[in-house]
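Shown next, in structure tokens, is the structure this report addresses.
In this note's numbering, the protein residues as written are 42 to 140.
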């Protein structure tokens, strides 16, 4: 399950809403999710498309500039760069508590 940014953002306060499993949408919404993850030091799961194909990755964003996201990729255990236009979906990773 992921926490996603709801489209209703008022006066600088972000309103969060649990929405199914992921948000598939525009680069604008993906960028909003990435920026919030940067501010909150959160992991996100992305679906990423590049010339080698489509992959699902859990990453921790480090910085976003010039439409390129630098992030720690848990699948590759290293820092990677992702083109913003290649990110097809993004959502926060929610840690489930045992019990």
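For each residue, glycine too, the CB sits at the ideal point set by N, CA and C. Small disclaimer: the values here were computed from a predicted structure and weren't measured.
Top-ranked residue by Cα proximity to residue 102, from 110, 124, 117: 110
Classification of residue 120 by the beta-carbon crowding that lies within 10 angstroms, buried from 16 upward: exposed
Exposure label - residue 74; buried when at least 16 CB within 10 Å: buried
CA-to-CA distance, residue 86 to residue 152, given in whole angstroms: No answer is possible for residue 152: the residues shown for the chain start at 42 and end at 140.
Beta-ladder partner(s) of residue 83, from DSSP: DSSP output for residue 83 lists no bridge partner at all.
Contact belief for residue 113 with residue 100 at Cβ below 8 Å, rounded distance in angstroms: 6 Å
Simplified DSSP state of residue 69, which is helix, strand or coil: helix
Selection from 93, 89, 98, 126 that minimises the alpha carbon distance to residue 106: 126
Distance CB(residue 71)-CB(residue 135) smaller than 7 Å: no
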